[in-house]
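Enquirer: Sharing a structure with you now.
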Amino acid sequence: MPDGQLPVLDVRDLKTVFRTRRGEVHAVNSVSFDLKPGELLGVVGESGSGKSVTMMSLIGLLPSPPAEVRDGQVLFGDNDLLKADEDTLRAIRGARIGFVFQDPMTSLNPVFTVGYQLMEPLRKHMGLNKKAARARAQELLELVGIPDAGRRLKDYPHQFSGGMRQRVMIAIALACDPEVLIADEPTTALDVTIQAQILELVKELRQKLGMAIVWITHDLGVIAGIADRVMVMYGGQIVEHAPVKELFGNPQHPYTRALLGTVPAMHGTREARLRVIEGQPPVLDAPPAACPFRARCTHSFERCERENPPRIPVGPLHDAACFWNPATGGPRDA
Amino acid sequence: MTDTDDRRDDVPAEPAANPAGAGAAPALDPASTYRAPRNQWLDVWDQFKSHRGALIGAAVFILILLAVTIGPYIWTIDPTYIDIRAKNQGPTLAHPLGTDQLGRDTLSRMLAGGRVSIAVGLTAMALSILIGTVIGVIAGYFKRLDGPLMRFTDLFLALPLLPLLLVAVLLFRDMLSKTFGPEGGVFILIVSLIGITSWMQTARIVRGDVLALKEREFVLAGRSIGTPSRRMITRHILPNVLSPIMVSATLGIATAIITESALSFLGFGFPPDFPTWGRLLFDSVDRMQLYPERVIWPGLAISLTVLSVNYIGDGLRDALDPRIRGR
Amino acid sequence: MPDGTPPNKLVEVYDLKMHFPIYGGVLRRRVGEVKAVDGVSFDIHEGETLGLVGESGCGKSTCGRAVLRLYEVTDGAVKIEGENIADWSAEHLRKVRPKMQMVFQDPQASLNPRMTVASIIGEPLDEHTRQSKKDKLNRVYHLMDAVGLNRDFANRYPHEFSGGQRQRIGIARALALNPRFIVCDEPIAALDVSIQAQVVNLLEDLQEEFGLTYLFISHDLSMVRHIADRVAVMYLGKIVELAPRDALYDSPLHPYTQALLSAVPEPDPSLEARTERIILKGDVPSPANPPKGCNFCTRCPQVMDICRQTEPEYREVAPGHFTACHLQDGQPQQQQQQQATDAGQPAPAQRQEQSQQGEDT
Amino acid sequence: MKLRTLLLGAAAATALAPVSAMAERGSDGQLNIIYWQAPSTLNPFLSGGTKEVESASMIIEPLVRFDQDGNMVPWLAADIPTLENGGVAEDLKSITWTLKEGIVWSDGTPLTAADAVFTWEYCTHPEGGCAQSSYFDGVSSVEAVDDLTIKVSFTEAKPFPYTAFVGSESPIIQAAQFADCLGAKAPECTEANFNPIGTGPFMVTEFKPNDVITLEMNPNFREADKPAFATVVFKGGGDAAAAARSVMETGEFDYAWNLQLDPMLLDEMQAKGLGTVVSAFATSVERIHVNQTNPDPSLGEGRATVDNPHPFLTDPAIGKAMSMAIDRELLVEIGYGAGGQPTCNVLPAPAVYASTANDGCLVQDIEGAKAVLEEAGWTDTDGDGIRDKDGVKLSVLYQTSTNAVRQDTQALVKQWWEEIGIETELRNIDASVFFGGDPGSPDTFQKFFADVEMYTNNFAGVDPEAYMANWRCSEIPGPDSQWQGSNIQRFCSEEYDALVDELSKTAGIDARAAIVKQMNDMLMESYSIIPLIWRGNPSAHANSLGGVMMNDWDSEIWNIKDWYRIDG
Amino acid sequence: MLTFTIRRLLLAIPTLLLISLVIFLLLELAPGDPMAQVPLTVPPEVKEKMRQALGLGEPVHIRYLKWIWQFFVIEPMNLIDAMFGTSLAEGQLRVISWQTRSPVMDIVAQRLPQTLWVVGVAYVVAVLIAIPIGVYSAYKQYSWFDQAGTFVTMVGFSVPPFFSGVLVIVIFSVNLGWFPSIYDTTHRVTDWDSFVVQLKQMIMPVMVLALQITSQISRFMRASMLDNLGQDYVRTARAKGMTESTVVLMHVLRNSMIPVVTVIALGIPSIFGGAIITEQVFKVNGIGQLLITAIQANDMPMVQTLTFIFAVLIVLFNLIADVLYGILDPRIRYD
């Protein structure tokens, strides 16, 4: 590690499988990554690429059945979360790892007040009494920029607008000063102007609180503005991983490159036609024995059919799971 | 009015969504192979099969249906024939289920009774479903009629049904008996009464579903094409409310059989010498200690039928619910 | 900017209002209304694409549906080829339906799950033509080819397809009757990024092939920039700004448009760092209870006293550039001149050049 | 004089009154009685139902009751007036009763002759709708000669004057309580109707209509040490099987009424040793009425009236064949057990009136029945198993009330009749409708819109005069009489009517008996009535209950004052 | 919320009037005659007179209005009289039963206690049993407990009470002698012992009834739980580190109870309606038995009044259920 910091979260070789009546779906295949204190790791991918499942797997939030974490290690502090018992996990969830989910409409319990839902983790994990919890809850709402926080504690989720609700979700996630915040598409359900508000808020909070954040999204634009490092996922595995500027400036994996190409620009040149990635994302009914992107890849060759490419270092802190070298236009030697 | 972005990445849904896409994945790649077209009913059947209770239920119900329809042609003893010398017999070769206090053959009475009970159940259910569906669809589809029709439904819901059922039996029994004979008249009466008094739930469910369907974009799409209302209903609405209707149908059969037996108990059902399961059970209850088998047979038959249709309903509910089907 | 022959106006919308009543009180009297669309005017020229953008709940979808007369409009006129269809009866309307079609947002919800692809695409033919079965099937096959669906899929059901393919089915259905005008109601919102581009390209190809006119409703500003010739921005039931694409994106006049554009995240970290964002405060007010004066006055960073009093007039401040903002009250002339230099009315015929020109600047 | 015999019997009955071990009034706690039909009122004048009459019999009393053998027992009367003791006038036009001395109502006021006079007024008030007014038929006046002497006068000579104030259906009510309840107001006196003050052993503490009556002993009852029970709970509702079970299987109740159940079932229950089935025979006969008029619906107004004779049932040969085809013994075995005997007479009791001329029917004779039909020209010409003659088929509709035993009987009879070539269709009607007497309903037994119908009838008391008069031509129900009338099968014979008149003028039991037997035989030979079973009335009492004297002539709990708890 | 309630109450008035008219007219058609119970010996003229005395001589609409007046004005006045000792309704003609010739309402009041005891307790017991069963079945969907629960509830639904009732009597009264087979409506609870007696006589009817009610409510509870278990907020609660019991018993149960509570409220009128068959079997002479005897005896005023009381209760509890829904679910605020 260049900056010598120990990762707060270290995931190694995670494998998660869904068992359905039609057979198994290998949603996450040998995913490894780490998260350093205070950094924001962006995770990009289309639906079904396994990005959410990866994060849920870490901490036992996937419903089982049908989900089953098959293999791997998740080192968080002294614990391997995959081996930890439910009590340990429960003590970590909400206290040391906070979650923000995509849809703030449905992620809050409609029949409890926001205050109650906010105080729940405070009382459980921090052992605060009611009064202290309320005070802290108000503080948290103020922190996430909800005006008139004291009064709004008594309101129900439906009395908040979408953006405000997402702020509440963030407040809940931050309630116990977690070391890690996992945000699963937190702005996807929001309008652009509201999304901008939330992004601004997160940047602000990062500065104030300094926790590490995993930010899952399918929107490259969001990632570009907020992340330190980015992982691109496709077909249940990490296909490219780099610091944000490196990734956008020098994408190595054909998928990343294609993905960047499909987004029409807001400024400058307007292309006559959008670039497309033909075909559909794969369904992983078996552990992949070949590159999952090969069918849609314009550069695939014989080796891609035979072998699932490992993550190959392509630069400082930059790796890509691809046999093709964009610099040469030919196979990469690995 | 809704501009919501539906792009959700719901985790548990992921595995469910994927296989659906898989069948047709290589759309732009005609060379690759794809699965044969699947009828959606096959999917339903697949899911239904996986519900063991429903499968057993279906098997039992079909067995019962076969028994009561074909049974009397195989076991030809007249259910009303009195063989007084053979009264109160236990199971023998001549009378596998024994005989009653007049020496009538219990097996043939069970078969004849089941025929009536199941016929009552099926026809009453069909009637109730028909009324409920028509009212539900019309109320849900035509906004102007919604208010009046739902008030009408509420009115029926607020009517105390059993008392009215009993009064109606008193009222119309004779008229109908005269026209259709004592058994036919009572059959028509009971069936129509049960049907008329049990459609409201179906109507409400169907209306709710139709209202939701109306908001679905494919209905809007139909409108934008200019499909007239009646074809809208037959083409887009009805096929899509089929599942709640089928579930209420199974429950309807069970309720109708139970109601018929309750009417028998209260003395408002079929003529006493006309066997139905409810009547057979009721007649034997007094002699329960002496001849327990005589309550067991009809009791078992009713319970098995109701259980089996209930399980079928349960299975259908699961099988027809796309949210569950994926699991 | 050459502005020779004025192109045909295929669709003209004047002061369209779509109010949904709210009932309340003991007697269920009408106590108010949701002004989903509140006095919207625009027109769409033959062969062009008008983008309609805005946030959730701003009324853009309602507007699109009202234009197609899928609702009974409250007030205003909708002219298709000069005929005002706003108050036509359902039967009368049926006859003009083939001219105007719609592509829906949710490809899952817009296809009847109990019908096969062939019957879905063929439904408009059943309704409006008397072709033989065989002709119909041929037409269906033809349409499937046009949208890039394999003919072998004709007898399948929608749930067997992926989102992008379903959207293709929806497009094929819309094309079945050779429409001239298609309302695309957020056709890509429910699709994955990699698929969005496929669908948008298809729409563009079809436009070219069949000379279609689109009303393209979307909240994705970058995609609208790509596909639309002119863009209208809606806020709380009203159009706040309407301008040719480049004029709008390069020099937005209305503060809302400015905020909206600046809120779009840029997929380029270097650009992203430099962008000065305008972060709007608060949320969109309820359309049932819009603020007095300018609808945007509650969130506008440049709000003035007059904004809270008087509703700004929607007017043309530069050729083809309309806006409703008090900020433009004082300087119409100046703005117009400035505007005239870098943007003009893009005629459909000049589309190609127009984009070339865009590249040059 | 036969009357003397009756009187002697009465004396004997009094003497025999249980010499029980009972020590004092109210010492035996609570008595639980269950009637599976619940009384709706305690005023027997407002409802003629057995359940009302019998429940009221614990509270209000007549002058005379009939004992278990049908003998008269003086109850409120000091003795039974006869010609000999001068109580009955020589011209048979009046009878004078004397009350026992010192009888007081349960409220402590004395019972006087004026109460009897009031009772007469109450029950004969034209707007009162008294259910028991027939007991006062022919009574011209009731006078209080003095406080204890009541004189009942008749319009015509009455050889059998023991009707008014005799038996449980004609009790005396308290004038003071019902003074304001005459005529149309009678039904509105809810308080009085639900809580009549009486002279009987018990008085009402609470009456819940159609549910339960709680009673307690009458502190002013005339017999110092009676009743033995301090309280009575008279529960109503349910069904016969449950009532039987509660007495004989669970022992919750001490007495259960009217257990017309499968005899096997009763035997089985009795075997538990908790209770005993007792039955009393009086005059109840389960019979089939053979309609002499045509019930064809196409006749409209003329349906089932004397204007339209029945197409074939007027032929006695058919009735005879029907009767011969029935195995009465088997019917008893299946449905009645000890509670029934086969009979061939519509009047099987009292013994002195019972004819023996028709006993041939006791043995089933299918072949004989066939021969009778053949002889009468009814043959099966078209081979469908149904006999016919001149294009008329022997096809009958056989109706009765809904009741498990009756349905079994119906099923059996149907089989036998079909065996001799008479097609039979069964129908049954809810008892409340069948016996409801509602002129609007087509299903009453009086309307008789069927070919044959089956039910039980009897008469109260011991004198059959009124009963036998049921079959006069004038008693035929029809539209002009609102379908009221007791000649249900529409039998009509001048000869018979003459005998009715003769009977009403005849005194002397032997002479009366001869006439009655002749009438009975005449009815039997017409085969318009097919008697089946002389029915007992089965009830059950707990083995710990003593003093029960099963009685079908009067209320079956007529002697409840003498009931007591057997210790141990 | 208040305006909603008021509006619903106002709407209930025409509904109830319409229902009363339907009931009245239907029963008008019934072949009932108050004289049916009057013995045959009474001459027809007298019967006609008696009929007049009961107000039967008048045309239908007058009788309907009279009945409505009696029901809505005179009977409530009688209730006030009975409660406060006033004499508002003295001398006014009340609704009189043809069968017993006593005011219908008095009999209803007499019958209500036992019905409420038995059916009400059964309802409470059933709800108390059904909810945990429903919750656990849903939580462990397709477990053996769920399967067994499904089976038992369906058996409960499929066995007619005239059979299950007699069966428990045979077992517990006849063979074991634990409980009385006949309900004593005169029993008063005054102390512990009499309470035990009351409990004993209630157990069997309550058991039979509760089995049926449990079947329905537990199925409903299960479905509602299943709906809510899949919701996003459940995941949020888990992500907050809440224990499973908090997640299920606080978050999911609270939400699932909303529809169930309204279903329970909707079922309450049936308590007052009594249980016709179960009451017959155990001789609990309550409202149900009253109704059936009234029907059999053609006692039209009684049938009319009872059916109409049920209708009023059904309408009322429908309203209560809707209001409850609004109260329980903060998202729903009518108006």
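Residue numbers (my numbering), protein chains in the order written: chain A, 1 to 334; chain B, 335 to 661; chain C, 662 to 1022; chain D, 1023 to 1590; chain E, 1591 to 1925.
We put the beta carbon where it would ideally sit given N, CA and C, even for glycine.
Please read these numbers as outputs of a predicted model, since none were measured by experiment.
#1: Of all the residues that make up the stretch 616-645 of chain B, which are near chain D by a beta-carbon distance shorter than 9 Å?
#2: Would you mind working out which of D:Ser1526, D:Lys1539, D:Trp1575 and D:Met1571 sits nearest Glu1178 of chain D, comparing C-alpha positions?
#3: Could you tell me which chain C residues have their CB closer than 7 Å to the CB of Leu274 of chain A, listed as they occur along the chain?
#4: Is the beta carbon of Glu673 of chain C sitting closer than 8 Å to the one on Lys740 of chain C?
#5: Counting only runs that start and end within the stretch 1091-1127 of chain D, where is the beta strand (DSSP E) found for 3 or more residues in a row?
#6: Quick one: list the residues of chain E neighbouring Asp103 of chain A, beta-carbon separation under 8 Å, in chain order.
#7: Report, in whole angstroms, the separation of the C-beta atoms of Glu307 of chain A and Ala290 of chain A, which I expect to be a contact under 8 Å.
#8: Determine, using beta carbons only, whether Gly481 of chain B comes closer than 8 Å to chain C.
#9: Considering Ala173 of chain A, what are the terminal residues of the alpha helix (DSSP H) in which it resides?
#10: Return the bridge partner residues of Ser879 of chain C from the DSSP annotation.
#11: On the DSSP bridge assignment, give the partners of Trp324 of chain A in chain order.
#12: So that I know if they touch, is there some Cβ in chain A lying closer than 8 Å to that of Arg1844 of chain E?
#13: Give the straight-line distance between the Cα atoms of Pro905 of chain C and Pro157 of chain A, rounded to the nearest whole angstrom.
#14: How big is the Cα-Cα spacing for Arg1494 of chain D and Ser1548 of chain D?
#15: Exposed or buried, which one is Trp1279 of chain D when buried takes at least 16 other CB atoms within 10 Å?
#16: Whose C-alpha, out of A:Val222, A:Glu305 and A:Pro316, is nearest the C-alpha of Gln252 of chain A?
#17: First and last residue of the alpha helix (DSSP H) that includes Thr649 of chain C?
#18: Output the boundary residues of the alpha helix (DSSP H) element that contains Ile92 of chain A.
#19: Does the beta carbon of Asn1280 of chain D sit closer than 8 Å to a beta carbon anywhere in chain B?
#20: Go ahead and pull the three-state DSSP assignment for Gln1592 of chain D.
#21: Where are the beta strand (DSSP E) runs, 3 residues long or more, that stay fully inside the stretch 203-237 of chain A, in chain order?
#22: With burial defined as no fewer than 16 other Cβ atoms inside 10 Å of the residue's Cβ, what is the status of Asp1589 of chain D: buried or exposed?
#23: In the DSSP output, what is Arg691 of chain C paired with across the bridge?
#24: Return the bridge partner residues of Leu903 of chain C from the DSSP annotation.
#25: Buried or exposed for Pro430 of chain B, going by 16 or more other Cβ atoms inside 10 Å?
#26: To the nearest whole angstrom, what separates the beta carbons of Met231 of chain A and Leu41 of chain A, a pair I think is in contact under 8 Å?
#27: Measuring straight from C-alpha to C-alpha, what distance separates Gln1432 of chain D and Tyr1420 of chain D?
#28: Let me know if Asp1406 of chain D comes out buried or exposed under the rule of 16 or more other beta-carbons within 10 Å of its beta-carbon.
#29: Can you tell me where the beta strand (DSSP E) holding Ile741 of chain C begins and where it ends?
#30: In this structure, how does DSSP classify Ala770 of chain C when only helix, strand and coil are distinguished?
Expert: The relevant details are as follows:
#1: Those would be Asp617, Val619, Asp620, Arg621, Gln623 and Leu624, in chain order.
#2: Measuring from the Cα of Glu1178 of chain D, the nearest candidate turns out to be D:Ser1526.
#3: Neighbours of Leu274 of chain A on chain C, chain order: Ala858, Val861, Asn862 and His887.
#4: Cβ distance < 8 Å, so Glu673 of chain C and Lys740 of chain C count as in contact.
#5: Annotation note: the stretch 1091-1127 of chain D contains the following uninterrupted beta strand (DSSP E) runs of length 3 or greater, listed N- to C-terminal: 1094-1096 and 1116-1120.
#6: Result: Asp1822.
#7: Right, the Cβ-Cβ distance comes to about 7 Å (below 8 Å), so this counts as a contact.
#8: It does not: the Cβ of Gly481 of chain B has no partner Cβ on chain C nearer than 8 Å.
#9: Counting along the chain, the alpha helix (DSSP H) containing Ala173 of chain A begins and ends at Gly162 to Leu174.
#10: DSSP lists C:Val714 as the bridge partner or partners of Ser879 of chain C.
#11: For Trp324 of chain A, which the question treats as bridged, DSSP gives the partners A:Pro331.
#12: Yes, its Cβ sits closer than 8 Å to a Cβ of chain A.
#13: Each residue's alpha carbon lies about 41 Å from the other.
#14: If you take the alpha carbons of Arg1494 of chain D and Ser1548 of chain D, they lie about 14 Å apart.
#15: It is buried - the Cβ of Trp1279 of chain D has at least 16 other Cβ atoms within 10 Å.
#16: Of the residues A:Val222, A:Glu305 and A:Pro316, the one whose Cα lies closest to the Cα of Gln252 of chain A is A:Pro316.
#17: Any answer about residue 649 of chain C is impossible in this case: the structure gives chain C only from 662 up to 1022.
#18: Secondary structure note for Ile92 of chain A: its alpha helix (DSSP H) is the uninterrupted segment Glu86 to Ile92.
#19: Using beta-carbon distances, Asn1280 of chain D does not count as an interface residue toward chain B, since no partner is under 8 Å.
#20: Given that chain D is displayed from residue 1023 to residue 1590, the structure contains no residue 1592 of chain D and the question cannot be resolved.
#21: Entirely contained in the stretch 203-237 of chain A, the beta strand (DSSP E) runs reaching 3 residues are, in chain order, 212-217 and 229-234.
#22: Exposed is the call here.
#23: Arg691 of chain C is bridged to C:Tyr684.
#24: As a beta-bridge residue in DSSP terms, Leu903 of chain C pairs with C:Ala893 and C:Phe983.
#25: Pro430 of chain B should be labelled exposed.
#26: Sure, about 7 Å apart at Cβ, within 8 Å.
#27: Going by the C-alpha atoms only, they are around 8 Å apart.
#28: Asp1406 of chain D comes out exposed.
#29: Here the beta strand (DSSP E) through Ile741 of chain C covers Asp736 to Ile741.
#30: Assignment of Ala770 of chain C by DSSP, reduced to helix, strand and coil, places it in the coil class.
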